[in-house]
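**Student:**
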């Protein structure tokens, strides 16, 4: 028998059917600009049936999604139109019937994968950090991912950017300032930066003072929030995943330097072992756990 893992992102859906012997079949869907959540979900169910095969024999389903999943809705998921209005858990129960379904936040699913089999394996206290369209962290304590009272532990993307005087409704958040989409909007709006997107911003580093200043300020804000997180749980290792890791040393060198300068016990800083597949790997693990329960 096999299990099915599904990872919903802001721009794509990744699906994987994995058998007990480790063999697997993958499929990916692109989410269209402004595509409604209902359309994304229906296309996903069609792809899942196709991937599972004619008998659709899967023992369990694991789902990774942006946001915080409740029985009747998904909170804090602004990147897909209508996602927060979905009864995601209910729709999966309708489609898969008696097959057990486990749904988890995407960053926590990625942290589960890194903690069990990846770059956080063997650490007593570790921290997974997602730097992508969204920004969030997940502390991993003795292999267990900290969820919090509402499942929202680690949602540092909602942290406020700037001076204390800006603590007010509507103040800019870390995700709006330093997340992939927010940073791209800032790049596009700044006429002094010779770039139209984040890759061009990275390419301009060292040749454009305006690009250097924007990137340095972005790293400053990310580091400020990570310093607070690290002081809270004292991790021995921080593992970073998400699309911003494509910046390579332009991200890791200054971020490591800032953490090392600010923390009394600086953690090791590593790249995610599973890369862009971390949340999908975590979804498969959720399915495995559900099947074994």
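Residue numbers (the numbering used here): 1083 to 1375.
C-beta: ideal position from N, C-alpha, C; glycine also.
Report, in whole angstroms, the separation of the C-beta atoms of residue 1298 and residue 1327, which I expect to be a contact under 8 Å.
**Tutor:** As a position in the chain shown, residue 1298 is number 216, starting the count at 1. As a position in the chain shown, residue 1327 is number 245, starting the count at 1. Residue 1298 to residue 1327, Cβ: 18 Å. No contact.
**Student:** Can you name the start and end residues of the beta strand (DSSP E) that residue 1089 belongs to?
**Tutor:** Against the chain shown, residue 1089 aligns to sequence position 7. Its beta strand (DSSP E) spans residues 1084-1090.
**Student:** Check the DSSP bridge columns for residue 1190 and list the partner residues they point to.
**Tutor:** For the purposes of this step, residue 1190 is taken as the residue at position 108 of the chain shown. Answer is none; residue 1190 lacks a bridge partner.
**Student:** Compute the beta-carbon to beta-carbon distance between residue 1146 and residue 1186, rounded to the nearest angstrom, for a pair I have assumed lies under 8 Å.
**Tutor:** Along the chain shown, one-based indexing puts residue 1146 at 64. Along the chain shown, one-based indexing puts residue 1186 at 104. Yes, they are in contact, since the Cβ atoms of residue 1146 and residue 1186 sit about 6 Å apart, within 8 Å.
**Student:** Which word fits residue 1295, buried or exposed, when buried means at least 16 other C-beta atoms lie within 10 angstroms of its C-beta?
**Tutor:** Within the chain shown, residue 1295 is the residue found at index 213, counting from 1. Per the 10 Å Cβ criterion, exposed.
**Student:** Taking the C-alpha atoms as reference points, what is the distance between residue 1267 and residue 1199?
**Tutor:** In the chain shown, the residue the question calls residue 1267 occupies position 185. In the chain shown, the residue the question calls residue 1199 occupies position 117. Those two C-alpha atoms are separated by around 36 Å.
**Student:** In chain order, what residues of the same chain have a beta carbon less than 6 Å from the beta carbon of residue 1324, not counting five sequence neighbours either side?
**Tutor:** On the chain shown, position 242 is the one that residue 1324 refers to. So the list reads 1212, 1213, 1214, once near-sequence residues are dropped.
**Student:** Which first and last residues belong to the alpha helix (DSSP H) in which residue 1299 is found?
**Tutor:** In the chain shown, the residue the question calls residue 1299 occupies position 217. From DSSP, the alpha helix (DSSP H) with residue 1299 extends over 1291-1315.
**Student:** From which residue to which residue does the alpha helix (DSSP H) around residue 1336 run?
**Tutor:** Within the chain shown, numbered from 1, the residue matching residue 1336 stands at position 254. Residues 1331-1344.
**Student:** Tell me the rounded alpha-carbon separation between residue 1208 and residue 1263.
**Tutor:** Position 126 of the chain shown holds residue 1208. Position 181 of the chain shown holds residue 1263. Cα to Cα, the separation comes out at about 27 Å.
**Student:** Do you know how far the Cα of residue 1343 is from the Cα of residue 1202?
**Tutor:** Residue mapping note: residue 1202 aligns to position 120 of the chain shown, counting from 1. Residue mapping note: residue 1343 aligns to position 261 of the chain shown, counting from 1. Answer to the nearest angstrom: the Cα atoms are 23 Å apart.
**Student:** Less than 8 Å between the C-beta atoms of residue 1265 and residue 1241, yes or no?
**Tutor:** Position 183 of the chain shown, counted from the start, is the residue given in the question as residue 1265. Position 159 of the chain shown, counted from the start, is the residue given in the question as residue 1241. Not a contact, by the Cβ cut-off of 8 Å.
**Student:** Please state if the CB of residue 1163 and the CB of residue 1193 are separated by a distance shorter than 8 Å.
**Tutor:** Indexing the chain shown from 1 puts residue 1193 at position 111. Indexing the chain shown from 1 puts residue 1163 at position 81. No, they are not a contact pair.
**Student:** Say yes only if the C-beta of residue 1273 is nearer than 7 Å to one or more non-hydrogen atoms of the ligand MG, and no if none qualify.
**Tutor:** With respect to small molecules bound, the structure shown includes none, and the ligand MG cannot be examined in it.
**Student:** How far does the alpha helix (DSSP H) with residue 1370 in it extend, from its first residue to its last?
**Tutor:** Position 288 of the chain shown, counted from the start, is the residue given in the question as residue 1370. Residues 1360-1374.
**Student:** By Cβ distance below 7 Å, which residues in the same chain neighbour residue 1311 in space, the five residues on each side in sequence not counted?
**Tutor:** Stepping through the chain shown from its first residue, residue 1311 is reached at position 229. Once the five neighbours on either side are set aside, the close Cβ partners of residue 1311 are 1209, 1219, 1238.
**Student:** Express the C-alpha separation of residue 1148 and residue 1090 in angstroms, rounding to a whole number.
**Tutor:** What you label residue 1090 is simply residue 8 of the chain shown in a count that begins at 1. What you label residue 1148 is simply residue 66 of the chain shown in a count that begins at 1. Approximately 7 Å between the Cα atoms of the pair.
**Student:** Buried or exposed for residue 1167, please, with buried defined as at least 16 other CB atoms from any protein chain shown within 10 angstroms of its CB.
**Tutor:** For the purposes of this step, residue 1167 is identified with residue 85 of the chain shown, where counting begins at 1. By the neighbour-count rule (16 or more Cβ atoms within 10 Å), residue 1167 is not buried but exposed.
**Student:** In the DSSP output, which residue or residues are listed as bridge partners for residue 1108?
**Tutor:** Here the question's residue 1108 lines up with position 26 in the chain shown. In the DSSP output, where bridge partners are listed per residue, residue 1108 has 1098.
**Student:** Roughly how many whole angstroms lie between the Cα atoms of residue 1275 and residue 1293?
**Tutor:** Walking along the chain shown from the start, residue 1275 turns up at place 193. Walking along the chain shown from the start, residue 1293 turns up at place 211. Each residue's Cα considered, the two are about 5 Å apart.
**Student:** What's the gap between the Cα of residue 1087 and the Cα of residue 1180?
**Tutor:** Counted from its first residue, the chain shown places residue 1087 at position 5. Counted from its first residue, the chain shown places residue 1180 at position 98. The straight-line gap from Cα to Cα measures roughly 17 Å.
**Student:** Taking the beta carbon of residue 1206 as the centre, do at least 16 other beta carbons fall within 10 Å, making it buried, or is it exposed?
**Tutor:** Taking the chain shown and counting its residues from 1, the one referred to as residue 1206 is at position 124. Per the 10 Å Cβ criterion, exposed.
**Student:** In the DSSP assignment, find the beta strand (DSSP E) that holds residue 1351 and state where it starts and stops.
**Tutor:** Within the chain shown, the letter at position 269 stands for residue 1351. Start and end: 1350-1353.
**Student:** Over the uninterrupted beta strand (DSSP E) stretch that includes residue 1147, give me the two end residues.
**Tutor:** As a working mapping, residue 1147 is identified with position 65 in the chain shown. Segment 1140-1147, the beta strand (DSSP E) holding residue 1147.
**Student:** In whole angstroms, what is the alpha-carbon distance linking residue 1307 and residue 1152?
**Tutor:** Numbered from its first residue, the chain shown carries residue 1307 at position 225. Numbered from its first residue, the chain shown carries residue 1152 at position 70. Each residue's Cα considered, the two are about 27 Å apart.
**Student:** Given a cut-off of 8 Å on the beta-carbon distance, is the pair residue 1195 and residue 1356 in contact?
**Tutor:** To locate residue 1195, count along the chain shown from 1; it is residue 113. To locate residue 1356, count along the chain shown from 1; it is residue 274. For residue 1195 and residue 1356, yes; Cβs fall inside 8 Å.
**Student:** Is the distance from the Cβ of residue 1375 to the Cβ of residue 1182 below 8 Å?
**Tutor:** Along the chain shown, one-based indexing puts residue 1375 at 293. Along the chain shown, one-based indexing puts residue 1182 at 100. Yes, they are a contact pair.
**Student:** Could you name the residues of the same chain whose beta carbon sits closer than 6 Å to that of residue 1258, not counting the 5 residues immediately before and after it, in chain order?
**Tutor:** Sequence index remark: in the chain shown, residue 1258 carries index 176 (1-based). Here the set comprises 1264.
**Student:** Going by alpha carbons, who is nearest to residue 1173 out of 1143, 1191, 1204, 1334?
**Tutor:** On the chain shown, residue 1173 is found 91 positions in, with the first residue counted as 1. With distances taken between Cα atoms, residue 1173 lies closest to 1143.
**Student:** State the Cα-Cα distance for the pair residue 1291 and residue 1227, rounded to the nearest angstrom.
**Tutor:** Sequence index remark: in the chain shown, residue 1291 carries index 209 (1-based). Sequence index remark: in the chain shown, residue 1227 carries index 145 (1-based). Whole-angstrom Cα-Cα distance: 40 Å.
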